[in-house]
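Line by line, the protein sequences give chains A and B.
8 is the number of the first residue of the first sequence in this note's numbering; add one for each residue after it.
8 is the number of the first residue of the second sequence in this note's numbering; add one for each residue after it.
A virtual CB, placed ideally from N, CA and C, is assigned to each residue, including glycine.
Worksheet: the structure to be examined is printed underneath.
2 protein chains.
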Amino acid sequence: MRSFFRPESVAVVGATANPIKGGYHIYNNLKTYFSGRVYPVNPNYDEIGGHTCYRSVSDLPEVVELVILFIPAKHVPSVMAECAGLGIKRIQIQAAGFVEVGTEGEELARQVLAIAGEHDIRVWGPNCTGSVSSRDIFFAPFMPAPDLNEKLTPGPVSVIAQSGMLAGGFLVQMLEGGYFGIDKVAAIGNKMDIDEVDILKFLADEDDTRVILMYLESIARGREFMEVARELSGKKHLVLLKAGRSEQSKAAALSHTGSLAGNEQVIDGALAQAGVIRVSDFMEMIHVGQALATSPVSAGGRRVAVITVTGGGGIVSTDLLSDFGLEVPDLTPETVKTLQEIFPPWMPPKNPVDLWPTMELRGINEAFELVVPVVLKDPNIDAAILLPFASPLVETQKVDIFTRAMKETGKPIISWVFGYPDRFEMFEDTMKAAGIPVFRQLSQAAKVLAAFRTLGGM
Amino acid sequence: MRSFFRPESVAVVGATANPIKGGYHIYNNLKTYFSGRVYPVNPNYDEIGGHTCYRSVSDLPEVVELVILFIPAKHVPSVMAECAGLGIKRIQIQAAGFVEVGTEGEELARQVLAIAGEHDIRVWGPNCTGSVSSRDIFFAPFMPAPDLNEKLTPGPVSVIAQSGMLAGGFLVQMLEGGYFGIDKVAAIGNKMDIDEVDILKFLADEDDTRVILMYLESIARGREFMEVARELSGKKHLVLLKAGRSEQSKAAALSHTGSLAGNEQVIDGALAQAGVIRVSDFMEMIHVGQALATSPVSAGGRRVAVITVTGGGGIVSTDLLSDFGLEVPDLTPETVKTLQEIFPPWMPPKNPVDLWPTMELRGINEAFELVVPVVLKDPNIDAAILLPFASPLVETQKVDIFTRAMKETGKPIISWVFGYPDRFEMFEDTMKAAGIPVFRQLSQAAKVLAAFRTLGGM
Chain A
8 MRSFFRPESV
18 AVVGATANPI
28 KGGYHIYNNL
38 KTYFSGRVYP
48 VNPNYDEIGG
58 HTCYRSVSDL
68 PEVVELVILF
78 IPAKHVPSVM
88 AECAGLGIKR
98 IQIQAAGFVE
108 VGTEGEELAR
118 QVLAIAGEHD
128 IRVWGPNCTG
138 SVSSRDIFFA
148 PFMPAPDLNE
158 KLTPGPVSVI
168 AQSGMLAGGF
178 LVQMLEGGYF
188 GIDKVAAIGN
198 KMDIDEVDIL
208 KFLADEDDTR
218 VILMYLESIA
228 RGREFMEVAR
238 ELSGKKHLVL
248 LKAGRSEQSK
258 AAALSHTGSL
268 AGNEQVIDGA
278 LAQAGVIRVS
288 DFMEMIHVGQ
298 ALATSPVSAG
308 GRRVAVITVT
318 GGGGIVSTDL
328 LSDFGLEVPD
338 LTPETVKTLQ
348 EIFPPWMPPK
358 NPVDLWPTME
368 LRGINEAFEL
378 VVPVVLKDPN
388 IDAAILLPFA
398 SPLVETQKVD
408 IFTRAMKETG
418 KPIISWVFGY
428 PDRFEMFEDT
438 MKAAGIPVFR
448 QLSQAAKVLA
458 AFRTLGGM
Chain B
8 MRSFFRPESV
18 AVVGATANPI
28 KGGYHIYNNL
38 KTYFSGRVYP
48 VNPNYDEIGG
58 HTCYRSVSDL
68 PEVVELVILF
78 IPAKHVPSVM
88 AECAGLGIKR
98 IQIQAAGFVE
108 VGTEGEELAR
118 QVLAIAGEHD
128 IRVWGPNCTG
138 SVSSRDIFFA
148 PFMPAPDLNE
158 KLTPGPVSVI
168 AQSGMLAGGF
178 LVQMLEGGYF
188 GIDKVAAIGN
198 KMDIDEVDIL
208 KFLADEDDTR
218 VILMYLESIA
228 RGREFMEVAR
238 ELSGKKHLVL
248 LKAGRSEQSK
258 AAALSHTGSL
268 AGNEQVIDGA
278 LAQAGVIRVS
288 DFMEMIHVGQ
298 ALATSPVSAG
308 GRRVAVITVT
318 GGGGIVSTDL
328 LSDFGLEVPD
338 LTPETVKTLQ
348 EIFPPWMPPK
358 NPVDLWPTME
368 LRGINEAFEL
378 VVPVVLKDPN
388 IDAAILLPFA
398 SPLVETQKVD
408 IFTRAMKETG
418 KPIISWVFGY
428 PDRFEMFEDT
438 MKAAGIPVFR
448 QLSQAAKVLA
458 AFRTLGGM
């Protein structure tokens with residue numbers, strides 16, 4: 008599997024000098040950023056961008072470790088056979104036109120698999136944007152990718168995605184949005200041979216990956232998937248957007264990547280047992296990934312403290328946390344006693360901790376600064392969610408107090424934001440710099456606390 | 008009820024000249040913006056801001072239509088009695104300190120209700136930020152509200168909120184965020200007397216209100232609430248964030264506004280039958296309100312067309328629409344035939360409509376411009392969701408084609424956005440100007456289509 012992310016040498020069959028074609032970008036991206044040997048193959052060119060272009064894989068100066076094919080589906084079997092004859096063992100097919108287009112494509116797929124089986128070749132794709140690694144910038148997708156050395160920041164998140172265009176667009180959004188640092192991206196398309204289980208097994212030993220975001224339209228080998236997920240749980244965060252849950256969407260999935268979706272209820276229960284966090288859309292997947300990637304703490308737990316300027320927000324948070332199997336437990340008598348020194352006598356402190364009374368005495372910032380460390384230390388508490396009010400006052404919030412509390416206790420803090428929308432960005436930047444992920448939707452915040460919990464062991 | 012939103016005259020008991028106190032803001036907001044007669048009452052001042060301040064309500068030059076009380080709870084019964092003696096019939100208590108703080112407060116509440124009952128007085132609050140109307144800018148909340156004449160834009164959305172601080176903060180966010188135009192806001196707090204049913208009945212005849220957003224921690228008169236909701240369905244959109252769903256949050260709600268929450272399952276079914284859209288957090292409530300307020304079309308239906316640049320996005324959309332009881336039906340043979348002239352022959356068009364093949368021929372913008380009007384006209388379709396890719400190309404999208412299609416068919420279009428995050432705002436602005444609400448989360452988009460459906464009658 009390593010050959011798909013950091014090969015010694017790679018050939019791009021279908022490389023062209025025409026920048027509106029995908030074959031141009033695959034070659035150009037690899038040639039520009041990757042330090043390994045990259046060869047263009049296309050009988051119509053003698054050179055591309057000043058580099059020798061080869062008529063066929065047989066003409067290459069070496070037996071390359073990986074061949075990427077971006078040619079019409081009907082030509083794939085003959086090139087595959089040529090590769091097989093040369094002893095090439097790893098092929099990535101980015102082009103479409105196989106099982107998703109009907110009988111003719113199915114026959115082509117059968118031919119490809121027959122050659123692969125006979126010659127012990129592993130096939131990635133087809134109908135996909137391929138593999139990406141931020142280490143040494145190996146970027147195979149057939150799309151323009153300027154300034155990758157700035158945009159592809161190495162980090163703890165790896166992504167597995169089944170859909171071609173979506174994986175590509177999603178990758179653009181991740182690169183341009185700078186939500187989190189990326190280790191690897193695997194867009195596996197029709198997964199004729201290599202599937203999510205292969206990628207997961209590979210990522211299990213990649214220490215740079217701490218969070219794995221998955222978009223899957225089907226889970227091909229259910230039992231093996233659950234096994235590898237269970238092995239990874241407690242070590243890496245697994246986040247899954249599983250499409251094709253409804254009967255209607257299952258039909259759509261069949262025509263899109265040619266895969267059949269499984270029985271949802273069975274999948275659902277097994278995933279929960281294996282510690283996989285399910286999300287319902289792409290932005291939620293990004294939010295969860297971002298929170299897990301940026302927090303200085305990676306493990307949470309079931310028992311959450313809600314620290315809020317609004318009683319109503321506290322109630323809605325409790326509902327949403329409860330939806331995700333989390334609790335808002337009582338604080339210990341010791342914590343209550345310490346808080347009583349901060350709170351006015353007429354308001355007995357309890358969880359959710361409503362700061363309103365003490366805010367009137369001390370102001371909103373001091374209220375949070377005094378209360379958060381006390382509550383986070385409580386042995387009944389595994390994590391905290393803050394519900395502050397974004398206003399011009401935010402500028403003077405001493406967020407280092409929160410960071411220290413997280414580091415001392417090993418418990419994560421996340422935050423909701425409401426109030427003055429023109430202060431949201433400043434608030435978000437300030438809190439994120441302190442290691443506190445911020446959400447404008449409470450439901451997203453609750454989901455993220457549930458995701459933290461998967462490494463908490465409770 | 009009119010007296011709480013546009014009284015001829017109003018007295019503010021507890022008005023002060025001290026701008027860090029709530030009583031200052033209530034008086035100042037009313038005096039600054041409202042054209043009716045506004046009187047400050049406080050025995051400690053002879054004048055406030057150059058206006059005569061009265062020692063008591065008995066000293067006022069007239070029997071005012073409305074009295075707003077912002078004084079400690081223990082003084083409320085005696086002022087109430089004084090008002091009753093004068094024949095005043097409408098009182099709004101913004102201060103806290105009643106049932107939510109225990110036995111002593113409960114006794115005060117009993118005294119207030121006894122006086123109200125005896126003298127036929129309607130009481131609003133306590134523990135609330137009171138009433139707001141954009142017509143003639145009647146703004147009672149005890150918070151600073153600069154530039155209201157610019158920020159409180161009249162529009163079709165009215166808000167009913169139970170929690171004090173939250174309603175206040177939420178109001179700030181709505182005013183500052185400019186998400187939608189506002190007709191009325193009713194922050195009803197502990198709802199000792201006036202409750203959501205009273206407000207709903209009043210709003211039923213307020214033609215300026217087309218969308219009602221509700222945040223409730225309890226539904227005090229369940230049967231009457233359902234009756235008025237059923238009467239309103241088909242005429243106005245009702246959107247509800249019901250807090251206190253979980254057992255834990257019910258306990259929190261009790262201490263917060265002193266109200267008991269009901270049986271969730273019973274409430275749930277009845278609300279769905281009455282056409283009430285439930286949302287799970289505040290931002291979702293804003294999103295839904297904004298979409299309903301800004302679309303040129305107010306009614307949708309169950310049958311949704313998904314028009315997408317990504318097959319994967321089409322599948323996830325189908326899942327989410329299905330979660331909300333919506334369908335992604337087949338297109339009519341006539342529509343398919345028309346689309347076949349636009350699509351390449353190897354890709355038979357169907358719903359979800361995957362534009363990928365025709366995009367390769369025509370570019371993304373033309374693909375949408377050709378396909379959207381054809382699909383929206385389909386008699387099998389009630390509404391459409393677009394899944395485009397935000398890129399620099401967006402600048403040249405001819406969105407007037409979409410607006411015309413909506414107006415001709417009376418069917419709404421909404422849009423998801425993914426792609427280049429630095430293009431999201433431009434994309435959102437462009438689409439919103441054309442009457443198409445845009446969402447970054449697919450789940451929000453699906454929820455909004457479900458909300459449109461409630462006025463669609465199918």
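Residues of chain A whose Cβ lies closer than 7 Å to the Cβ of Q404/B do not exist, since the nearest Cβ in that chain is about 16 Å away.
Taking 7 Å as the Cβ-Cβ cut-off, the segment 278 to 309 of chain B approaches chain A at S287, D288, F289, M290 and E291, given in chain order. Assignment of A147/B by DSSP, reduced to helix, strand and coil, places it in the coil class.
Boundaries around L327/B are those of the alpha helix (DSSP H), G318 to D330, since no beta strand (DSSP E) includes it.
In the DSSP assignment, G296/B falls within the alpha helix (DSSP H) that extends over F289 to T301. The criterion of a C-beta distance shorter than 9 Å is not satisfied by Q101/B and G124/B. In this model, E113/B and F105/B are separated by some 6 Å (Cα to Cα).
Sequence-distant partners of M438/A (beyond 5 residues in either direction) whose C-beta falls short of 7 Å from its own C-beta, in its chain, are V406, S422 and V445.
Of the candidates S398/A, E373/A, G175/A and V316/A, the residue whose Cα lies closest to the Cα of N358/A is V316/A. For the pair of segments examined, the segment 296 to 309 of chain A was found to touch the segment 447 to 459 of chain A: the number of CB pairs separated by less than 8 Å reaches three. For a cut-off of 8 Å, the C-beta gap from V45/B to V17/B is around 6 Å, short enough to register as a contact. Taking C-beta atoms under 8 Å as the contact rule, V64/A and C90/A qualify, at a distance of about 6 Å. Listed along the chain, the chain A residues whose CB falls inside 9 Å of the CB of L178/B amount to none; the nearest CB is some 10 Å away. For F396/A, the closest Cβ of chain B is nearer than 9 Å. Under the three-state reduction of DSSP output, G132/B falls in the coil class, being neither helix nor strand. By the Cβ test, the segment 69 to 84 of chain B is in contact with the segment 15 to 31 of chain B, since at least three Cβ pairs between them sit closer than 8 Å.
In the DSSP annotation of this structure, the continuous segment of the beta strand (DSSP E) that includes V164/A starts and ends at P161 to A168. Assigned with DSSP and collapsed to three states, K28/B falls in coil, not helix or strand. The segment 321 to 330 of chain A makes no contact with the segment 365 to 376 of chain A; the number of CB pairs closer than 8 Å stays below 3.
Of all residues in the segment 228 to 253 of chain B, only L248, K249, A250, G251, R252 and S253 come within less than 9 Å of chain A when Cβ atoms are compared, listed by chain position.
In the structure shown, G370/A falls within a coil segment according to DSSP collapsed to helix, strand and coil. The segment 184 to 192 of chain B and the segment 157 to 168 of chain B touch, with three or more beta-carbon pairs separated by less than 8 Å.
Put simply, the CB of T160/B is far from chain A, with every gap to its CB atoms at 9 Å or more. Here I100/B carries a strand assignment [DSSP, helix/strand/coil].
For M221/A, the enclosing beta strand (DSSP E) stretches over residues V218 to L223. Looking at V335/A, C135/A, I128/A and F187/A, the one whose alpha-carbon comes closest to that of E157/A is F187/A. Of all residues in the segment 420 to 431 of chain A, those with a C-beta nearer than 7 Å to a C-beta of chain B are F425, G426, Y427, P428 and D429, reading in chain order. Here G30/A is actually not in contact with P133/A; their C-beta atoms are around 14 Å apart, not less than 8 Å. At a cut-off of 9 Å, the C-beta of Q272/A has no neighbouring C-beta in chain B. When rounded, the separation of the alpha-carbon atoms in L245/A and V283/A is 5 Å. With 16 or more other CB atoms across the displayed protein chains lying within 10 angstroms of its CB, K418/A is buried. With a contact defined as Cβ atoms closer than 8 Å, V335/B and V304/B miss out at about 19 Å. Among the residues facing chain A, D200/B is not included, as its CB has no counterpart in that chain under 9 Å away.
Taking the Cα positions, E373/B is about 13 Å away from V381/B. Cβ atoms of I122/B and M87/B come within 8 Å of each other, at about 5 Å. Under the criterion of beta carbons closer than 8 Å, D326/B and R252/A qualify as touching, at roughly 5 Å.
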